[in-house]
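Read left to right, the sequence shown gives residues 1 to 362 (the UniProt record's numbering). Glycine residues also receive a C-beta, built at the ideal position from the N, C-alpha and C atoms.
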Amino acid sequence: MAKAKDFADDLTRDIIGRLSDPKSVRRFKSVSKSWRSMISEIQREDLVIVSGCRVYSADLDSPHILKQHYVPHGGEPVILRGSCNSLILLSSHYNIILSNKLSGDYQLIPYPEIITSEPYYKEDSMFLLHGLGYDSVDDDYKIVQIIWFCCVNHCLSRFEFKVFSLRNKIWRSPKRTSIKSSPVPYIMGSNFNMSKAVLVGSSVHWAAHYEQKSQYLVFAFDLTTEESHEIELPEKTKADVVGTLGGNLTVTHSKNEVVDIWVMKEYKVKASWTHAFRIPIVIYRGIYVSNCIRPIAYSRNGGQKILLECGDCSLFWYDLGNNKLDVVGINEHQVDEIYGITLCSYSQLPKSTGNHLLLKPS
Numbered sequence: 001m002a003k004a005k006d007f008a009d010d011l012t013r014d015i016i017g018r019l020s021d022p023k024s025v026r027r028f029k030s031v032s033k034s035w036r037s038m039i040s041e042i043q044r045e046d047l048v049i050v051s052g053c054r055v056y057s058a059d060l061d062s063p064h065i066l067k068q069h070y071v072p073h074g075g076e077p078v079i080l081r082g083s084c085n086s087l088i089l090l091s092s093h094y095n096i097i098l099s100n101k102l103s104g105d106y107q108l109i110p111y112p113e114i115i116t117s118e119p120y121y122k123e124d125s126m127f128l129l130h131g132l133g134y135d136s137v138d139d140d141y142k143i144v145q146i147i148w149f150c151c152v153n154h155c156l157s158r159f160e161f162k163v164f165s166l167r168n169k170i171w172r173s174p175k176r177t178s179i180k181s182s183p184v185p186y187i188m189g190s191n192f193n194m195s196k197a198v199l200v201g202s203s204v205h206w207a208a209h210y211e212q213k214s215q216y217l218v219f220a221f222d223l224t225t226e227e228s229h230e231i232e233l234p235e236k237t238k239a240d241v242v243g244t245l246g247g248n249l250t251v252t253h254s255k256n257e258v259v260d261i262w263v264m265k266e267y268k269v270k271a272s273w274t275h276a277f278r279i280p281i282v283i284y285r286g287i288y289v290s291n292c293i294r295p296i297a298y299s300r301n302g303g304q305k306i307l308l309e310c311g312d313c314s315l316f317w318y319d320l321g322n323n324k325l326d327v328v329g330i331n332e333h334q335v336d337e338i339y340g341i342t343l344c345s346y347s348q349l350p351k352s353t354g355n356h357l358l359l360k361p362s
């Protein structure tokens with residue numbers, strides 16, 4: 001009987017997870033207490049934490065309690081690239097891995113072939129960037145791969161773009177992009193924190209800066225139009241790290257022993273940048289709170305605290321009321337070092353869940 005009940009619960013979760021309309025999902029809460037509980041569990045935000053070869057999830061209010069998830073990686077370490085709804089984007093040495101945290105399904109996606117005729121572009125001078133998002137026009141999840149080729153002193157840098165359609169299961173060149181010239185004017189992806197993509201709307205974002213002048217910006221690629229664009233920063237501000245908070249784009253700027261967090265209230269409107277809060281660069285309980293701070297989410301208790309990821313991948317709660325930091329203790333027997341953190345949301349379901357969205361083991 002227990003096995004039959006477990007099977008029924010798994011089937012119910014699968015049905016709920018495939019409902020396309022959020023209003024329909026909410027209506028099903030009245031079916032029974034168990035359905036209400038399952039839907040509440042599905043319609044929430046969880047943390048996804050990557051450590052070496054292992055992928056964990058944790059409740060936002062209890063980030064120290066981890067649940068491990070199976071992801072095929074062949075014993076190779078994986079890198080967390082991003083998330084969109086219940087999909088998690090990872091990469092290993094051999095494949096890109098797209099995992100559906102809600103259903104447990106996954107898909108292994110080979111890297112696209114890299115073709116370049118310039119002999120001076122070597123493998124050790126290439127930086128790979130990846131981002132995941134949802135195209136509501138084509139009802140399709142897409143992955144963008146950007147390869148930044150560079151030579152000595154970045155004098156001959158250029159970009160190569162590829163887009164993977166989950167609907168069509170193919171890599172292709174983007175429909176159009178405004179970056180066609182070589183060399184490109186700026187640098188991106190040259191360190192770990194700059195290489196992480198942040199999804200806002202249908203665009204993924206990276207921190208970037210011009211090589212020939214001390215000017216910083218946010219580089220973005222829209223997965224619906226498949227066009228790239230730049231986002232200007234507040235005056236006299238640089239983007240050490242790009243993030244998102246409450247659905248809005250954020251940048252972290254360090255100066256004079258403090259870290260400033262700026263939030264863009266209206267997307268692509270420079271005047272809407274708002275200074276949100278300031279954190280001192282300190283050594284806190286033996287952990288260095290560095291300039292590479294990324295806000296992850298507000299706490300659920302009225303948003304009085306903000307969960308922060310630091311450059312060394314430590315986790316902190318920052319209290320907006322008393323400006324205090326509290327380190328989040330994670331079981332060191334499970335996680336010796338964190339290599340990536342993202343927020344996985346199930347509250348915004350795509351318009352359709354056609355067969356192209358149902359990830360199955362390859």
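- prompt: So, I341 versus V48, is the Cβ gap smaller than 9 Å?
  reply: yes
query: Who does A208 pair with in a DSSP beta bridge?
result: M188 and L217
message: So, with DSSP's three-state summary, where would you put S299?
response: coil
query: According to the neighbour-count rule (16 or more other Cβ atoms, all chains shown, within 10 Å of its Cβ), is Y210 buried or exposed?
result: exposed
- request: Return helix, strand or coil for S86, following the three-state DSSP convention.
  value: coil
field: Local Cβ density within 10 Å of L359, reported as buried at 16 or more and exposed below that
entry: Note that L359 scores 45 on pLDDT, short of 50, meaning its location in the model is unreliable; the coordinates nonetheless yield the value given after this. Looking at its Cβ environment, which holds 16 or more other Cβ atoms inside 10 Å, L359 is buried.
query: Helix, strand or coil: how does DSSP classify S92 here?
result: coil
query: What whole-angstrom Cβ distance do V263 and T252 have, given they're in contact under 8 Å?
result: In fact, because the Cβ distance is near 11 Å, the residues do not count as touching under 8 Å.
- request: Determine the direct distance from the alpha carbon of T224 to that of G201, and round the result to whole angstroms.
  value: 10 Å
query: Contact check, V198 vs G133 under 8 Å by CB: the rounded distance?
result: The pair is not a contact, with the Cβ atoms about 10 Å apart (cut-off 8 Å).
task: Quick one: grab the DSSP three-state call for S57.
output: strand
field: Per DSSP, cross-strand counterpart(s) of S228
entry: F221
query: Looking only at its own chain, which residues have a Cβ that is under 6 Å from the Cβ of G83, when we skip the five neighbours before and after it?
result: Per the sequence presented here, residue 83 reads as Ser, with Gly not at that position. For S83, where only same-chain residues beyond five positions count, the Cβ hits under 6 Å are T342 and C344.
task: Report the rounded CA-to-CA distance for K172 versus F127, giving the unit in angstroms.
output: A quick correction: the sequence has Arg, not Lys, at residue 172. The alpha-carbon atoms of R172 and F127 are separated by roughly 19 Å.
query: Counting pairs of Cβ atoms below 8 Å between the region 231–246 and the region 259–273, do you hit three or more?
result: yes
Bridge-paired residues (DSSP) for N248: L245
message: Distance check for L102 and Y120, CA to CA, integer angstroms please.
response: Residue placement at Y120 is flagged as unreliable, the pLDDT there being 47, under the threshold of 50; the coordinate-derived value follows with that caveat. So the alpha carbons of these two residues sit roughly 44 Å apart.
task: Consult DSSP for K33 and reduce its assignment to one of helix, strand or coil.
output: helix
- prompt: Under the rule that 16 or more other beta-carbon atoms within 10 Å means buried, what is Q68, buried or exposed?
  reply: exposed
task: Give me the Cα-Cα distance between D61 and R176, rounded to the nearest whole angstrom.
output: 42 Å
message: For L166 and K142, which I take to be in contact (beta-carbon distance under 8 Å), what is that distance rounded to the nearest angstrom?
response: 7 Å
query: If you count every other CB in all the chains shown that lies within 10 Å of the CB of V258, and 16 or more means buried, which is it?
result: exposed
query: Which residues does DSSP pair with R167 in a beta bridge?
result: BP columns for R167 are empty, so no partner.
field: D105: first and last residue of the uninterrupted beta strand (DSSP E) it sits in
entry: Unbroken run through D105: none, as it is neither H nor E.
message: Using 9 Å as the threshold, is the C-beta distance between Y318 and L245 below it?
response: no
Euclidean distance between Cα positions of D326 and H130: 32 Å
Length of the line joining the Cα atoms of A276 and L307: 14 Å
query: The beta strand (DSSP E) with Y141 in it runs from where to where?
result: D140 to F149
Of the listed residues V31, G321 and L315, nearest to R278 (C-alpha basis): G321
query: Counting along the chain, where does the beta strand (DSSP E) carrying R278 start and finish?
result: W273 to P280
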